[in-house]
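Enquirer: Residue numbers (my numbering): 997 to 1386. The structure under discussion is supplied below as C-alpha coordinates; questions concerning it will follow.
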Amino acid sequence: MGSKTRRTVVGAGIGMALFSFVPAQAQEPFKIGVILPMSGPFASTGRQIDAAIKLYIAQKGSTVAGRKIEVILKDDAGSADGAKRIAQEMIVNDKVSALVGMGLTPIAFAVAPIASKAQVPLVVMAAATSAIIKSSPLVLRTSYTTPQVTTPIAAWAAKEGVKRPMTIVTDYGPGVDAENAFKASFEQSGGKVLSALRVPLMNPDFSPFLQRVADEGADAVYAFMPSGAGAVFMKQFSERGLDKKGIRMIVEGGVTDDDILNQMGDAALGAISGYHYSAAHDSGINKTFVEAFKKANPGMRPNFMAVGGWDGMDVLYRALAKTEGKGAGAQLVEAAKGLSFESPRGPISIDPQTREIVQNVYMRKVERQADGELYNVEFTTIPNAKDPSN
(Lines of atoms letter the chains of each structure in order from A and count residues from 1; the text may use other names and numbers.)
(Lines give C-alpha, C1' and ligand atoms only; values in the text may rest on other atoms or scores of the structure.)
Protein backbone atom coordinates (compact mmCIF):
# COMPACT_ATOMS: atom_id res chain seq x y z
CA MET A 1 0.00 0.00 0.00
CA GLY A 2 1.49 3.32 -1.08
CA SER A 3 2.02 6.37 1.07
CA LYS A 4 -0.81 8.20 -0.72
CA THR A 5 -3.40 5.69 0.47
CA ARG A 6 -2.15 5.00 3.94
CA ARG A 7 -0.62 7.22 6.53
CA THR A 8 0.17 6.74 10.19
CA VAL A 9 0.18 9.87 12.26
CA VAL A 10 2.82 9.84 14.97
CA GLY A 11 4.69 12.19 17.20
CA ALA A 12 2.15 15.03 17.56
CA GLY A 13 1.63 16.77 20.88
CA ILE A 14 -1.27 15.64 23.02
CA GLY A 15 -2.99 19.05 23.03
CA MET A 16 -5.73 18.30 25.59
CA ALA A 17 -5.50 16.65 29.00
CA LEU A 18 -8.77 14.85 28.25
CA PHE A 19 -6.97 12.58 25.81
CA SER A 20 -3.66 12.13 27.60
CA PHE A 21 -3.92 9.48 30.28
CA VAL A 22 -2.41 6.04 29.60
CA PRO A 23 -3.88 2.72 30.80
CA ALA A 24 -1.71 0.07 32.42
CA GLN A 25 -1.29 -2.02 29.28
CA ALA A 26 -0.92 -1.08 25.64
CA GLN A 27 -3.86 -1.56 23.29
CA GLU A 28 -4.17 -2.13 19.58
CA PRO A 29 -4.18 1.05 17.50
CA PHE A 30 -7.55 2.67 16.85
CA LYS A 31 -7.66 2.72 13.08
CA ILE A 32 -9.87 5.28 11.33
CA GLY A 33 -10.75 4.49 7.75
CA VAL A 34 -11.26 7.73 5.83
CA ILE A 35 -13.21 7.37 2.57
CA LEU A 36 -13.30 10.58 0.52
CA PRO A 37 -13.42 11.80 -3.08
CA MET A 38 -9.82 12.94 -3.48
CA SER A 39 -10.07 12.96 -7.29
CA GLY A 40 -12.82 13.67 -9.79
CA PRO A 41 -15.50 16.40 -9.74
CA PHE A 42 -15.98 16.30 -5.96
CA ALA A 43 -12.30 16.44 -5.01
CA SER A 44 -12.73 19.77 -3.21
CA THR A 45 -14.89 17.96 -0.62
CA GLY A 46 -12.17 15.41 -0.02
CA ARG A 47 -9.44 18.04 0.07
CA GLN A 48 -11.23 20.10 2.72
CA ILE A 49 -12.09 17.18 5.01
CA ASP A 50 -8.69 15.54 4.69
CA ALA A 51 -6.99 18.84 5.56
CA ALA A 52 -9.21 19.24 8.62
CA ILE A 53 -8.50 15.70 9.85
CA LYS A 54 -4.75 16.24 9.50
CA LEU A 55 -4.98 19.56 11.34
CA TYR A 56 -7.08 18.06 14.13
CA ILE A 57 -4.56 15.29 14.82
CA ALA A 58 -1.65 17.71 14.60
CA GLN A 59 -3.26 19.88 17.26
CA LYS A 60 -4.93 17.31 19.53
CA GLY A 61 -2.43 14.49 19.32
CA SER A 62 -2.28 10.96 17.94
CA THR A 63 -3.13 9.17 21.18
CA VAL A 64 -6.46 8.96 23.01
CA ALA A 65 -6.62 7.30 26.43
CA GLY A 66 -3.34 5.57 25.70
CA ARG A 67 -4.57 4.30 22.36
CA LYS A 68 -2.61 5.19 19.23
CA ILE A 69 -4.69 6.73 16.46
CA GLU A 70 -3.93 5.54 12.94
CA VAL A 71 -5.59 7.13 9.89
CA ILE A 72 -5.97 5.31 6.59
CA LEU A 73 -7.15 7.48 3.69
CA LYS A 74 -8.49 6.09 0.41
CA ASP A 75 -9.96 7.82 -2.60
CA ASP A 76 -13.46 6.77 -3.70
CA ALA A 77 -13.36 9.22 -6.66
CA GLY A 78 -17.02 10.02 -5.96
CA SER A 79 -18.14 6.47 -6.81
CA ALA A 80 -20.57 4.61 -4.54
CA ASP A 81 -19.36 1.25 -5.87
CA GLY A 82 -15.78 2.27 -5.27
CA ALA A 83 -16.57 3.40 -1.73
CA LYS A 84 -18.34 0.13 -0.98
CA ARG A 85 -15.32 -1.89 -2.13
CA ILE A 86 -12.94 0.34 -0.14
CA ALA A 87 -15.03 0.00 3.03
CA GLN A 88 -15.00 -3.79 2.74
CA GLU A 89 -11.21 -3.80 2.24
CA MET A 90 -10.68 -1.48 5.20
CA ILE A 91 -12.75 -3.68 7.49
CA VAL A 92 -11.37 -7.03 6.35
CA ASN A 93 -7.73 -6.16 5.59
CA ASP A 94 -6.99 -3.05 7.66
CA LYS A 95 -9.21 -3.94 10.64
CA VAL A 96 -10.45 -0.36 11.01
CA SER A 97 -12.28 0.64 14.20
CA ALA A 98 -14.34 3.39 12.54
CA LEU A 99 -15.25 4.62 9.08
CA VAL A 100 -15.52 8.35 8.36
CA GLY A 101 -15.93 10.74 5.46
CA MET A 102 -18.89 10.05 3.13
CA GLY A 103 -18.58 12.96 0.73
CA LEU A 104 -21.82 12.20 -1.13
CA THR A 105 -25.23 10.78 -0.23
CA PRO A 106 -25.01 7.66 -2.46
CA ILE A 107 -21.67 6.80 -0.89
CA ALA A 108 -23.07 7.02 2.63
CA PHE A 109 -25.97 4.75 1.68
CA ALA A 110 -23.58 2.26 0.07
CA VAL A 111 -21.25 2.07 3.07
CA ALA A 112 -23.84 2.08 5.90
CA PRO A 113 -24.87 -1.62 5.54
CA ILE A 114 -21.22 -2.65 5.56
CA ALA A 115 -20.62 -0.67 8.76
CA SER A 116 -23.70 -2.30 10.33
CA LYS A 117 -22.63 -5.82 9.46
CA ALA A 118 -19.10 -5.24 10.77
CA GLN A 119 -20.35 -3.31 13.84
CA VAL A 120 -18.14 -0.33 13.01
CA PRO A 121 -19.24 3.28 13.66
CA LEU A 122 -19.77 5.40 10.55
CA VAL A 123 -19.25 9.15 10.96
CA VAL A 124 -20.82 11.16 8.13
CA MET A 125 -18.79 14.34 7.74
CA ALA A 126 -20.32 15.69 4.53
CA ALA A 127 -23.42 14.03 3.04
CA ALA A 128 -26.62 15.89 3.92
CA THR A 129 -29.66 13.80 2.95
CA SER A 130 -31.88 13.28 6.00
CA ALA A 131 -32.55 9.57 5.51
CA ILE A 132 -28.87 8.61 5.83
CA ILE A 133 -29.12 8.53 9.62
CA LYS A 134 -31.78 5.82 9.38
CA SER A 135 -29.64 3.56 7.21
CA SER A 136 -27.78 2.13 10.21
CA PRO A 137 -27.88 2.47 14.03
CA LEU A 138 -24.12 2.98 13.88
CA VAL A 139 -24.29 6.19 11.81
CA LEU A 140 -23.37 9.50 13.45
CA ARG A 141 -23.53 12.79 11.55
CA THR A 142 -21.30 15.83 12.11
CA SER A 143 -22.11 17.71 8.89
CA TYR A 144 -25.72 18.90 8.63
CA THR A 145 -28.92 17.98 6.82
CA THR A 146 -30.53 20.00 4.09
CA PRO A 147 -33.89 20.35 5.92
CA GLN A 148 -32.04 21.37 9.09
CA VAL A 149 -30.72 24.52 7.43
CA THR A 150 -33.52 25.11 4.90
CA THR A 151 -36.41 25.12 7.39
CA PRO A 152 -35.03 28.13 9.33
CA ILE A 153 -34.23 29.92 6.05
CA ALA A 154 -37.85 29.65 4.92
CA ALA A 155 -39.16 30.82 8.28
CA TRP A 156 -36.78 33.80 8.16
CA ALA A 157 -37.91 34.69 4.62
CA ALA A 158 -41.56 34.68 5.65
CA LYS A 159 -40.78 36.85 8.66
CA GLU A 160 -38.87 39.29 6.44
CA GLY A 161 -41.89 39.91 4.22
CA VAL A 162 -41.37 37.51 1.33
CA LYS A 163 -44.83 36.69 -0.08
CA ARG A 164 -44.40 34.99 -3.47
CA PRO A 165 -41.21 32.94 -3.58
CA MET A 166 -40.20 30.30 -6.10
CA THR A 167 -37.66 27.55 -5.51
CA ILE A 168 -34.90 26.48 -7.91
CA VAL A 169 -33.04 23.34 -6.88
CA THR A 170 -30.74 20.81 -8.48
CA ASP A 171 -32.67 17.65 -9.32
CA TYR A 172 -31.12 15.08 -6.97
CA GLY A 173 -31.69 13.87 -3.38
CA PRO A 174 -30.49 16.91 -1.40
CA GLY A 175 -32.14 19.29 -3.86
CA VAL A 176 -35.51 17.59 -3.48
CA ASP A 177 -35.00 17.68 0.31
CA ALA A 178 -34.36 21.43 0.07
CA GLU A 179 -37.42 22.05 -2.10
CA ASN A 180 -39.74 20.12 0.20
CA ALA A 181 -38.32 21.65 3.39
CA PHE A 182 -38.59 25.22 2.11
CA LYS A 183 -42.16 24.72 0.91
CA ALA A 184 -43.31 23.06 4.14
CA SER A 185 -41.71 25.68 6.38
CA PHE A 186 -42.75 28.70 4.30
CA GLU A 187 -46.34 27.58 3.92
CA GLN A 188 -46.52 26.74 7.61
CA SER A 189 -45.74 30.43 8.15
CA GLY A 190 -48.82 31.33 6.09
CA GLY A 191 -47.26 32.01 2.67
CA LYS A 192 -47.39 30.13 -0.61
CA VAL A 193 -44.61 28.99 -2.94
CA LEU A 194 -45.56 29.92 -6.51
CA SER A 195 -43.60 27.19 -8.31
CA ALA A 196 -40.91 24.60 -7.57
CA LEU A 197 -38.37 24.24 -10.37
CA ARG A 198 -35.77 21.47 -10.70
CA VAL A 199 -32.59 21.91 -12.75
CA PRO A 200 -30.61 18.94 -14.19
CA LEU A 201 -27.55 17.98 -12.13
CA MET A 202 -25.26 17.77 -15.14
CA ASN A 203 -24.46 20.89 -17.22
CA PRO A 204 -27.07 23.13 -15.62
CA ASP A 205 -28.32 26.22 -17.43
CA PHE A 206 -30.42 28.36 -15.12
CA SER A 207 -31.55 30.87 -17.76
CA PRO A 208 -34.94 29.35 -18.64
CA PHE A 209 -35.74 28.82 -14.97
CA LEU A 210 -34.83 32.38 -14.06
CA GLN A 211 -37.00 33.59 -16.94
CA ARG A 212 -39.94 31.78 -15.34
CA VAL A 213 -39.20 33.56 -12.07
CA ALA A 214 -39.60 36.89 -13.85
CA ASP A 215 -42.66 35.77 -15.83
CA GLU A 216 -44.54 34.44 -12.81
CA GLY A 217 -44.02 37.58 -10.74
CA ALA A 218 -42.07 36.04 -7.85
CA ASP A 219 -40.71 38.41 -5.22
CA ALA A 220 -37.92 36.04 -4.14
CA VAL A 221 -36.02 32.93 -5.24
CA TYR A 222 -34.78 30.25 -2.87
CA ALA A 223 -31.98 28.30 -4.55
CA PHE A 224 -30.14 25.09 -3.71
CA MET A 225 -27.39 23.55 -5.83
CA PRO A 226 -23.90 22.07 -5.46
CA SER A 227 -21.44 24.81 -4.60
CA GLY A 228 -19.65 24.77 -7.95
CA ALA A 229 -22.84 25.72 -9.77
CA GLY A 230 -23.46 28.68 -7.47
CA ALA A 231 -21.25 31.05 -9.44
CA VAL A 232 -23.15 30.31 -12.66
CA PHE A 233 -26.50 30.79 -10.94
CA MET A 234 -25.59 34.15 -9.42
CA LYS A 235 -24.05 35.39 -12.66
CA GLN A 236 -27.17 34.51 -14.65
CA PHE A 237 -29.43 35.99 -11.95
CA SER A 238 -27.53 39.27 -12.26
CA GLU A 239 -27.33 39.20 -16.06
CA ARG A 240 -31.11 38.89 -16.29
CA GLY A 241 -31.50 41.89 -14.00
CA LEU A 242 -33.68 40.07 -11.49
CA ASP A 243 -32.05 41.93 -8.62
CA LYS A 244 -32.92 45.26 -10.28
CA LYS A 245 -36.53 44.10 -10.54
CA GLY A 246 -36.63 43.76 -6.76
CA ILE A 247 -36.53 39.96 -6.72
CA ARG A 248 -34.65 38.78 -3.66
CA MET A 249 -32.12 35.97 -3.93
CA ILE A 250 -31.94 33.68 -0.89
CA VAL A 251 -29.73 30.61 -1.13
CA GLU A 252 -28.64 27.60 0.85
CA GLY A 253 -25.16 28.30 2.18
CA GLY A 254 -23.38 25.79 -0.04
CA VAL A 255 -24.10 28.08 -2.99
CA THR A 256 -21.78 30.71 -1.48
CA ASP A 257 -19.23 28.11 -0.36
CA ASP A 258 -16.27 29.68 1.48
CA ASP A 259 -13.88 27.54 -0.56
CA ILE A 260 -14.81 29.22 -3.86
CA LEU A 261 -16.54 32.44 -2.78
CA ASN A 262 -13.68 34.71 -3.83
CA GLN A 263 -13.78 33.23 -7.34
CA MET A 264 -17.41 34.35 -7.73
CA GLY A 265 -16.46 38.02 -7.67
CA ASP A 266 -18.86 40.93 -7.42
CA ALA A 267 -21.83 38.84 -8.62
CA ALA A 268 -21.90 37.28 -5.16
CA LEU A 269 -21.94 40.58 -3.24
CA GLY A 270 -25.08 40.99 -1.16
CA ALA A 271 -26.20 37.37 -1.57
CA ILE A 272 -28.26 36.25 1.41
CA SER A 273 -27.78 32.69 2.59
CA GLY A 274 -28.49 30.47 5.54
CA TYR A 275 -26.00 27.91 6.83
CA HIS A 276 -24.37 26.33 9.86
CA TYR A 277 -20.82 27.61 9.28
CA SER A 278 -18.94 30.56 7.91
CA ALA A 279 -15.19 31.15 7.88
CA ALA A 280 -16.13 34.60 9.20
CA HIS A 281 -17.93 33.18 12.27
CA ASP A 282 -17.01 35.55 15.08
CA SER A 283 -15.57 33.39 17.84
CA GLY A 284 -12.12 32.86 19.26
CA ILE A 285 -12.23 29.13 18.49
CA ASN A 286 -13.10 29.75 14.86
CA LYS A 287 -10.51 32.47 14.37
CA THR A 288 -7.83 30.10 15.71
CA PHE A 289 -9.17 27.29 13.49
CA VAL A 290 -9.21 29.41 10.33
CA GLU A 291 -5.73 30.80 10.97
CA ALA A 292 -4.24 27.33 11.60
CA PHE A 293 -6.07 25.84 8.61
CA LYS A 294 -4.79 28.55 6.25
CA LYS A 295 -1.25 28.21 7.59
CA ALA A 296 -1.28 24.44 7.09
CA ASN A 297 -2.95 24.68 3.66
CA PRO A 298 -1.69 27.74 1.74
CA GLY A 299 -4.27 29.09 -0.65
CA MET A 300 -7.19 27.35 1.06
CA ARG A 301 -9.90 28.67 3.34
CA PRO A 302 -11.87 26.19 5.51
CA ASN A 303 -15.48 25.66 4.52
CA PHE A 304 -18.44 23.69 5.87
CA MET A 305 -16.84 20.41 4.76
CA ALA A 306 -13.71 21.15 6.78
CA VAL A 307 -15.66 21.87 9.94
CA GLY A 308 -17.65 18.65 9.43
CA GLY A 309 -14.36 16.75 9.33
CA TRP A 310 -12.91 18.57 12.32
CA ASP A 311 -15.97 17.94 14.46
CA GLY A 312 -16.22 14.33 13.31
CA MET A 313 -12.75 13.71 14.67
CA ASP A 314 -13.65 15.57 17.87
CA VAL A 315 -16.69 13.33 18.39
CA LEU A 316 -14.61 10.19 17.87
CA TYR A 317 -11.86 11.38 20.20
CA ARG A 318 -14.33 12.32 22.93
CA ALA A 319 -16.29 9.07 22.63
CA LEU A 320 -13.09 7.03 22.74
CA ALA A 321 -11.93 8.95 25.81
CA LYS A 322 -15.29 8.33 27.55
CA THR A 323 -14.79 4.58 27.06
CA GLU A 324 -11.20 4.82 28.36
CA GLY A 325 -9.86 3.82 24.97
CA LYS A 326 -11.73 0.51 24.93
CA GLY A 327 -14.87 1.55 23.06
CA ALA A 328 -15.86 -0.22 19.86
CA GLY A 329 -18.94 -0.45 17.66
CA ALA A 330 -22.24 0.30 19.36
CA GLN A 331 -20.48 1.16 22.63
CA LEU A 332 -18.61 3.97 20.90
CA VAL A 333 -21.82 5.26 19.30
CA GLU A 334 -23.53 5.24 22.71
CA ALA A 335 -20.64 7.24 24.16
CA ALA A 336 -21.06 9.81 21.39
CA LYS A 337 -24.76 10.33 22.06
CA GLY A 338 -25.40 13.52 24.01
CA LEU A 339 -21.91 14.93 23.53
CA SER A 340 -21.98 18.72 23.64
CA PHE A 341 -19.11 21.10 22.99
CA GLU A 342 -18.01 24.32 21.29
CA SER A 343 -17.01 23.91 17.66
CA PRO A 344 -15.52 26.44 15.23
CA ARG A 345 -19.11 26.74 13.93
CA GLY A 346 -20.54 27.46 17.42
CA PRO A 347 -22.15 25.21 20.06
CA ILE A 348 -23.04 21.73 18.81
CA SER A 349 -24.32 18.47 20.27
CA ILE A 350 -25.17 14.95 19.15
CA ASP A 351 -28.85 14.27 19.68
CA PRO A 352 -29.06 11.11 21.87
CA GLN A 353 -32.27 9.97 20.16
CA THR A 354 -31.42 10.56 16.49
CA ARG A 355 -27.59 10.62 16.46
CA GLU A 356 -27.89 13.80 14.38
CA ILE A 357 -25.95 16.98 15.00
CA VAL A 358 -27.81 19.85 16.65
CA GLN A 359 -26.37 23.26 15.77
CA ASN A 360 -27.03 26.92 15.07
CA VAL A 361 -28.11 28.09 11.64
CA TYR A 362 -26.93 31.57 10.67
CA MET A 363 -28.36 33.98 8.12
CA ARG A 364 -25.44 35.60 6.30
CA LYS A 365 -24.73 38.27 3.69
CA VAL A 366 -21.77 38.24 1.30
CA GLU A 367 -19.58 41.26 2.00
CA ARG A 368 -16.07 42.34 1.04
CA GLN A 369 -13.89 42.66 4.13
CA ALA A 370 -10.92 44.89 4.81
CA ASP A 371 -8.51 42.27 3.42
CA GLY A 372 -10.29 42.55 0.05
CA GLU A 373 -11.77 39.06 0.26
CA LEU A 374 -15.43 38.03 0.19
CA TYR A 375 -16.98 36.47 3.28
CA ASN A 376 -20.38 35.23 4.41
CA VAL A 377 -21.00 37.64 7.30
CA GLU A 378 -23.52 36.36 9.84
CA PHE A 379 -26.27 38.73 10.94
CA THR A 380 -28.94 36.49 12.52
CA THR A 381 -28.66 33.28 14.56
CA ILE A 382 -31.31 30.55 14.74
CA PRO A 383 -30.10 28.51 17.73
CA ASN A 384 -30.13 24.75 18.24
CA ALA A 385 -31.62 23.79 14.89
CA LYS A 386 -32.58 20.14 14.42
CA ASP A 387 -33.53 18.16 11.37
CA PRO A 388 -37.35 18.36 11.39
CA SER A 389 -37.69 14.98 9.65
CA ASN A 390 -35.60 12.92 12.09
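Glycine is no exception: its CB is placed at the ideal position from the N, C-alpha and C atoms.
1. Residues bridged to Thr1059 by DSSP?
2. Beta-carbon within less than 6 Å of Asn1282's beta-carbon, same chain only, minus the 5 sequence neighbours each way: which residues are those?
3. Touch check for the region 1074-1083 and the region 1045-1058: three-plus C-beta pairs under 8 Å?
4. For Asn1356, count the other beta carbons within 10 Å of its own beta carbon; 16 or more makes it buried, fewer makes it exposed. Which is it?
5. Any chance the region 1068-1079 sits against the region 1098-1111, with 3 or more Cβ pairs inside 8 Å?
6. Can you tell me whether Met1198 is buried or exposed, with buried defined as 16 or more other CB within 10 angstroms of its CB?
7. Answer yes or no: do Ser1269 and Val1362 have a C-beta to C-beta separation smaller than 9 Å?
8. By a C-beta neighbour count over all protein chains shown, 10 Å radius and 16 as the cutoff for buried, is Gly1249 buried or exposed?
9. State the DSSP-derived secondary structure class of Asn1258, mapped to helix, strand or coil.
10. Using 8 Å as the cut-off, can you tell me whether the region 1152-1161 makes contact with the region 1169-1186, which would need three or more C-beta pairs spanning the two stretches below that distance?
11. Glu1066: buried (16+ other C-beta within 10 angstroms of its C-beta) or exposed?
12. Using 8 Å as the cut-off, classify the Cβ of Asn1176 as near or not near the heavy atoms of the ligand NAP, replying yes or no.
13. Tell me, which residues are paired with Ile1028 by DSSP?
14. Taking 6 Å as the limit between beta carbons, can you name the residues of its chain near Ser1345, skipping five residues before and five after?
15. Given this structure, state the Cα-to-Cα distance separating Ser1112 from Val1251, to the nearest angstrom.
16. Where Gly1242 and Ala1054 are concerned, what is the direct C-alpha to C-alpha distance, given to the nearest angstrom?
17. Would you kindly report the start and end of the unbroken alpha helix (DSSP H) that includes Ile1110?
18. Do you know how far the Cα of Asp1307 is from the Cα of Ile1049?
19. Mind checking which residues open and close the alpha helix (DSSP H) that includes Thr1147?
20. For the candidate residues Ala1332, Thr1138, Leu1134, whose alpha-carbon lies nearest to that of Ala1124?
21. Under 9 Å, do Ala1104 and Thr1147 count as touching if we go by C-beta distance?
22. Taking just the CA atoms, how far does Ala1332 sit from Lys1322?
23. Pairs of beta-carbons, one from the region 1164-1178 and one from the region 1211-1231, closer than 8 Å: are there three or more?
24. Assuming Ala1094 contacts Val1119 (C-beta within less than 8 Å), just tell me the rounded distance between them.
25. If you follow the beta strand (DSSP E) that Gln1184 is in, where does it begin and where does it stop?
26. Between Asp1167 and Thr1284, what straight-line distance do the alpha-carbon atoms span, to the nearest angstrom?
27. Assign Thr1041 to one of three DSSP states: helix, strand, or coil.
Expert: On the basis of the supplied data:
1. Lys1064
2. Pro1340
3. Result no; under three Cβ-Cβ pairs closer than 8 Å.
4. buried
5. yes
6. By the 10 Å Cβ count, Met1198 comes out exposed.
7. With contacts defined by Cβ atoms closer than 9 Å, Ser1269 and Val1362 form a contacting pair.
8. buried
9. Residue state, collapsed to three classes: helix.
10. yes
11. buried
12. The ligand NAP is absent from the structure shown, which contains no ligands of any kind.
13. Paired residues: Val1067, Ala1094.
14. Ser1336, Val1354
15. Straight through space, the alpha carbons of Val1251 and Ser1112 are spaced by roughly 33 Å.
16. 49 Å
17. 1101-1114
18. 9 Å
19. 1142-1155
20. Thr1138
21. no
22. 14 Å
23. yes
24. 7 Å
25. Where Gln1184 is concerned, there is no enclosing beta strand (DSSP E), although the alpha helix (DSSP H) it sits in stretches over 1169-1184.
26. 37 Å
27. helix
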